[in-house]
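What follows is one structure encoded as structure tokens, with my remarks underneath.
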Amino acid sequence: MIYFEFLSVYMEICSAKRFNFAKKMFDFIIVGLGIAGWSFVRQLQENKRSFVVFDTSAENSTLASAGVFNPVILKRFTLAWKAAEYLPYALLQYKKYELENTGHQFIYDLPIYRKLTSVAEQNEWSSVSGRPVFEKYMNGISHEHLPGIESPFGFGVMKNTGMIDVNLLLSVLRKQLKKQNLLRENRFDYKRVRFVKNHIEYEGLKAKYIVFTEGFGLKKNPFFGHLPLMGTKGESILVKLSKPVNMIIKSNIFLAPLPGTGLHMAGATYNWTDKSLTPTSEARIHLAEKLQKLYHEPFEIVGQKAGIRPTVKDRRPLLGRHGEYENLFVFNGLGTRGVILAPRLAKMLFEHIVFDIPLPEKVDIKRFG
Ligand SMILES: Cc1cc2nc3c(=O)[nH]c(=O)nc-3n(C[C@H](O)[C@H](O)[C@H](O)COP(=O)(O)OP(=O)(O)OC[C@H]3O[C@@H](n4cnc5c(N)ncnc54)[C@H](O)[C@@H]3O)c2cc1C
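For the sequence shown, numbering that gives the first Met the number 0 assigns the number 0 to the initial residue and increments by one for each residue that follows.
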């Protein structure tokens with residue numbers, strides 16, 4: 000028994016030495032590198048705090064997403080929660096990162112063309128788009144001819160919308176962190192966390208705080224797994240269109256050009272029961288049928304993606320401190336609009352941890368007792 004304990008401690012020390020971390024006290028350990036992890040790391044870099052990131056990237060919802068930013072819920076013509084308020088800060092953060100990484104483009108400004116299907120929908124578009132809250136995002140109706148898409152009632156056109164190349168965004172940060180030896184590409188093992196006075200030890204690492212940005216992976220986290228994260232599986236197909244369209248089309252599915260690939264993403268499904276990450280043939284067939292109804296030219300399916308959106312019972316993010324272990328924090332529940340919400344929420348959480356600024360009640364996990 001003693002031998003095994005000795006062996007385990009020895010292995011931890013070796014692992015820490017390999018990373019040159021043995022003596023250093025880090026400010027933060029971050030677990031998970033999706034858009035939440037990216038946004039929190041950016042706060043740490045801007046505020047010159049030290050950190051190490053753990054990420055498997057195996058269950059990454061951000062990489063399955065299209066990265067579209069659009070604050071308006073087009074089904075109901077309402078603004079998504081805080082989306083219009085948080086979007087400018089998100090775009091600022093992505094822009095700053097673009098400027099720091101010359102040669103990379105992360106932001107693509109693209110209009111969304113919402114296919115209108117009746118005179119009633121045309122009238123609704125015209126009246127809603129004139130309201131002050133929507134003016135910034137909704138333009139008039141276009142009767143443009145788009146290749147392969149018939150729309151006798153035209154398209155409601157959106158502005159100040161677009162896509163973030165989330166794949167590139169995460170891969171650039173991963174590369175930088177790897178170079179600096181700040182990324183561990185393995186699963187964080189909760190059982191190995193030790194609480195020592197006012198800091199934490201993990202496999203020979205010392206840190207003041209751990210922030211869990213694990214997306215749906217949070218379900219397996221013994222510290223925060225009790226939170227009401229439901230998870231909504233989403234699947235999309237990657238297609239090669241015979242006649243590409245250069246804007247995002249929204250009908251009963253969306254069709255979005257994927258930057259720099261010549262491909263389009265068509266999606267997405269919403270499944271509240273299946274919590275696996277396996278792409279299914281049902282979803283592929285379902286999406287292909289919907290795409291055929293929208294796009295009347297030939298297309299080829301070249302791939303499929305699946306991810307679990309970290310959705311919450313009350314549709315609000317999950318941020319805050321653990322009730323018992325004061326050094327542990329969670330940043331989750333970004334739902335269907337991670338690209339817009341994550342940067343601003345990351346700033347709030349950072350300021351909460353470091354400057355003790357209270358979190359808004361709506362996002363604080365204290366609301367669940
Ligand atoms: C099909 C689909 C389309 C979408 N489209 C959009 C869109 O257009 N626009 C938009 O804003 N949002 C979209 N979303 C939602 C968006 O993807 C999520 O809001 C967002 O990605 C959640 O980010 P996250 O960082 O919280 O989690 P994730 O991106 O899932 O990242 C969590 C990371 O933590 C890692 N991890 C978990 N546990 C551990 C552990 N113990 N140790 C180490 N690593 C761990 C995971 O492997 C993963 O890499 C879409 C989602 C889906 C599924």
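Glycine included, C-beta positions come from ideal geometry on N, C-alpha and C.
Computed from a predicted model, the values in this text were never measured in an experiment.
| Asked | Found |
| --- | --- |
| Chain E within 8 Å of Gly-66, Cβ atoms only | Looking at the structure shown, chain E is missing, and only one protein chain is on hand. |
| Exposure of Ile-284, with buried meaning 16 or more beta-carbon neighbours within 10 Å | exposed |
| CA-to-CA distance, Gly-230 to Ala-305, given in whole angstroms | 12 Å |
| Whole-Å CB distance - Thr-212 paired with Gly-33, under 8 Å assumed | 7 Å |
| Bridge partner(s) assigned by DSSP for Tyr-385 | Only positions 0 to 368 of the chain appear in this structure, which leaves residue 385 out of reach. |
| Nonlocal neighbours in the same chain, by C-beta distance under 6 Å from Gly-224, ignoring five residues either side | Lys-218 |
| Cβ contact (3+ pairs, closer than 8 Å) linking the segment 267-277 and the segment 158-175 | no |
| Residue span of the beta strand (DSSP E) that contains Glu-234, given as start and end | 231-240 |
| Asp-273 beta carbon near ligand 1 (any heavy atom closer than 7 Å) | no |
| Inter-residue Cα distance where the pair is Pro-278 and Gln-303 | 7 Å |
| Cβ pair count under 8 Å reaching 3, the segment 121-135 against the segment 99-110 | no |
| Asn-270 CB to nearest heavy atom of ligand 1 below 7 Å | no |
| Candidates Val-52, Met-246, Asn-220: closest to Ser-141 by CA position | Met-246 |
| Gly-319 (DSSP reduced to helix, strand or coil) | strand |
| Spatial neighbours of Met-0 in its chain, beta-carbon cut-off 7 Å, leaving aside the 5 residues before and after | Low per-residue confidence applies at Met-0: pLDDT is 45, beneath 50, and the placement is therefore not dependable enough to give any value. |
| Neighbourhood of Asp-355 by C-beta, 7 Å cutoff - its chain only, sequence neighbours within 5 removed | none |
| Buried versus exposed call for Leu-358 [16 or more other C-beta atoms within 10 Å across all chains shown] | buried |
| Buried or exposed (CB count within 10 angstroms, at least 16 for buried), Ala-260 | A small fix is needed here, since residue 260 is Thr in this sequence, not Ala. That one is exposed. |
| Burial state of Ser-64, where buried means 16 or more other Cβ atoms lie within 10 Å | buried |
| Heavy atom of ligand 1 within 7 Å of Ser-64 beta-carbon | yes |
| Cβ contact check for the segment 76-87 and the segment 332-352: 3 or more pairs under 8 Å | yes |
| Nearest neighbour of Gly-203, chosen from Arg-193, Asn-251, Lys-346 [CA to CA] | Arg-193 |
| Inter-stretch contact (C-beta, 8 Å, three-pair minimum) for the segment 280-297 and the segment 227-241 | yes |
| Unbroken alpha helix (DSSP H) run spanning Ser-170, endpoints | 165-178 |
| Bridge partners - Leu-78, DSSP secondary structure assignment | Val-71 |
| Burial state of Leu-117, where buried means 16 or more other Cβ atoms lie within 10 Å | Correcting the residue identity first, residue 117 is Ser in this sequence and not Leu. Flag for Ser-117 reads exposed. |
| Close beta carbons around Arg-130, own chain, < 6 Å, minus the five adjacent residues each side | none |
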